[in-house]
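Take a look at the structure below.
Residue numbers (the numbering used here): 961 to 1354.
In C-alpha cells, the structure reads:
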C-alpha cells in the first residue's frame, strides 16, 4: 500500500482557509442602507407624517357672515348685516400644541432609527450566514479534492485487482456525499445572495468573505448596558412618549381656560348705519371634562411601560451576554483542541500501512470534520448573538 501514499498528501486546518478580496459586512450594510427601497419609502412616509404633526396647531379659521333682510311693509326699507369673527383659545394653548408637534417629529426620528436598525440587523444576519457557508465551502473544496484522489486511486486499484468492489464503492460513496454537501451549500449561498440583492434595491452585491472577525466581549456588563439602553430607540421612544404626555397635560390645563371671540359687526338700514366690535368668551364647563385626568393616566401608564421595557431589555441582554461568553469559550476550546490533536497525518500513515481499513480511516476523518464544522457553527451563533446585542451600538 505504500506506493499509494502519494494520494494522501492532505492537511486540514481552519488556518489554511485562503480568503479572496471581497466586500466586508460593513461595506454591504452601507450599500443596503443607501439603496434599500423600503427604507427610502419609510423615510418619505415619515416626512409626510412630520407635516401632519404641524396641522391643527393654529387658531381656527375666521368666519365671515353676510345677511340681507327685506323690510315689511316696504316703507321700512331693507337691512344688511356683515360680520367677521375670529375665535382664539387661551394663548398658551398654541404654545403647547407647537411643542407637542416638535416632540412628535423628534419621535419620528427614533422610529426611523428603529426601522433602519432592524433592516441592517437582518442584512447582517444574512452576511454572517454567508461567511459561514463560504467557510464551509472552502473546507469542502479541500475535502472534495482529497476524496476525489481516494476515489480515483481505488478505481485504478480495482482495475488492477488490488482492491474489491466493496472498498471501491465506499470511496465513491464518500465522494458523492461530499459533492451533495457542496451542492447544498451552493444553493444556500445563492439564496442568501438573492436576499441581499433584494435588500439592496435589486442591485446585485457580491460577498465572498469566509472569515469571522475576532470579537471582544466586555466583562463590564452594567457599563455596557447603560450605553446600549441609551442608544435603544425603542426605550428612547417610550421616554419621548412620556414627555409628550406631560406636555399633553399642560395642553389640557390650557384648554380648560376660557377662549375668546373677537369680531367686527356692521348693520346697514335704509337711513341708518351701525358699525362696531364684538367680543365674547367661551367657558369650557363640559366639553373638556376628564381630559386632564385622561392625560395624567396616560402618563402614568407609559411610566409603567417604560419600567417594564427597561427590565425586559436588561434581562434579555444579560442572557445574550452570558450566551455569547459561553459560546466564545466553547469555540476557543474546540479550536485549540482540534489544532492540538490534529492527527490527519497519523491516520493517513496508518491507512497506507494497512493498519486501519478505508472505513476506519473515513470514520476517523469524519470526527475531525464534525469538530471543524462545529467550530464554524459556534462562530456563527456567537456572531449572531453579538449582532443582536450590538444592534443599537453603531
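Using N, Cα and C, we set each Cβ at its ideal position, and we do this for glycine too. Small disclaimer: the values here were computed from a predicted structure and weren't measured.
Boundaries of the alpha helix (DSSP H) around residue 1093: 1051–1120. Exclusion of the five residues before and after residue 1206 leaves 1259 as the residues of its chain whose Cβ lies within less than 8 angstroms of its Cβ.
Going by DSSP, residue 1281 is part of no beta strand (DSSP E) but of the alpha helix (DSSP H) stretching over 1251–1300.
The alpha carbon of residue 1296 has as its nearest neighbour, out of 1248, 1320, 1103 and 1335, the alpha carbon of 1335. Within the stretch 992–1021, the runs of alpha helix (DSSP H) that reach at least 4 residues and sit entirely inside it are, in chain order, 997–1013. The beta carbon of residue 1010 sits closer than 7 angstroms to the beta carbons of 1065 and 1068 from its chain, once the five residues preceding and following it are set aside; these are given in chain order. With respect to residue 1002, residue 1075 sits close: the two C-beta atoms are nearer than 8 angstroms.
The alpha carbon of residue 1299 has as its nearest neighbour, out of 1050, 1329, 1171 and 1202, the alpha carbon of 1329. Out of 1043, 995 and 994, the CA that lies nearest to the CA of residue 1238 is found in 1043.
The Cβ atoms of residue 1085 and residue 1347 lie closer than 8 angstroms to each other. Three or more Cβ pairs drawn from the stretch 1179–1198 and the stretch 1277–1289 lie within less than 8 angstroms of each other, which places the two stretches in contact. Residue pairing for residue 1030: DSSP places it in no beta bridge.
Put simply, the stretch 1054–1061 touches the stretch 1008–1028. At least three CB pairs are less than 8 angstroms apart.
Ranked by how close their Cα comes to the Cα of residue 1245, the residues 1255, 1224 and 1217 have 1217 in first place. Runs of the beta strand (DSSP E) spanning 3 or more residues and lying entirely within the stretch 1175–1235 occur at 1219–1228, in chain order. Exposed is the label assigned to residue 1008, since fewer than 16 other Cβ atoms lie within 10 Å of its Cβ.
Take the alpha-carbon of residue 1271 and the one of residue 1264: they are about 11 angstroms apart. Pairing residue 1198 with residue 1262 gives a Cβ-Cβ distance under 8 angstroms. Residue 1267 is classed as exposed because its beta carbon has fewer than 16 other beta carbons within 10 Å across all chains shown. In the three-state DSSP reduction, residue 1312 falls in the helix class (H, G or I).
Here residue 1221 has 1045, 1046, 1047, 1048, 1238, 1239, 1240, 1241 and 1242 as same chain residues with Cβ atoms under 8 angstroms from its own Cβ, once five neighbours each way along the sequence are excluded. Our two residues, residue 1027 and residue 1040, have alpha carbons roughly 6 angstroms apart in a direct line. Closest in alpha carbon position to residue 1182, among 1201, 1083 and 1273, is 1273. Across the structure, residue 1162 and residue 1168 are spaced so that their CA atoms are roughly 19 angstroms apart. Between residue 1131 and residue 992, the C-beta spacing is not below 8 angstroms. In this structure, the beta-carbon distance from residue 1129 to residue 995 does not fall below 8 angstroms. Straight-line spacing of the CA atoms in residue 1157 and residue 1193 works out to 27 angstroms. Sequence-distant partners of residue 984 (beyond 5 residues in either direction) whose C-beta falls short of 8 angstroms from its own C-beta, in its chain, are 1169. When the Cα atoms are used, residue 1139 and residue 1314 turn out to be separated by approximately 27 angstroms.
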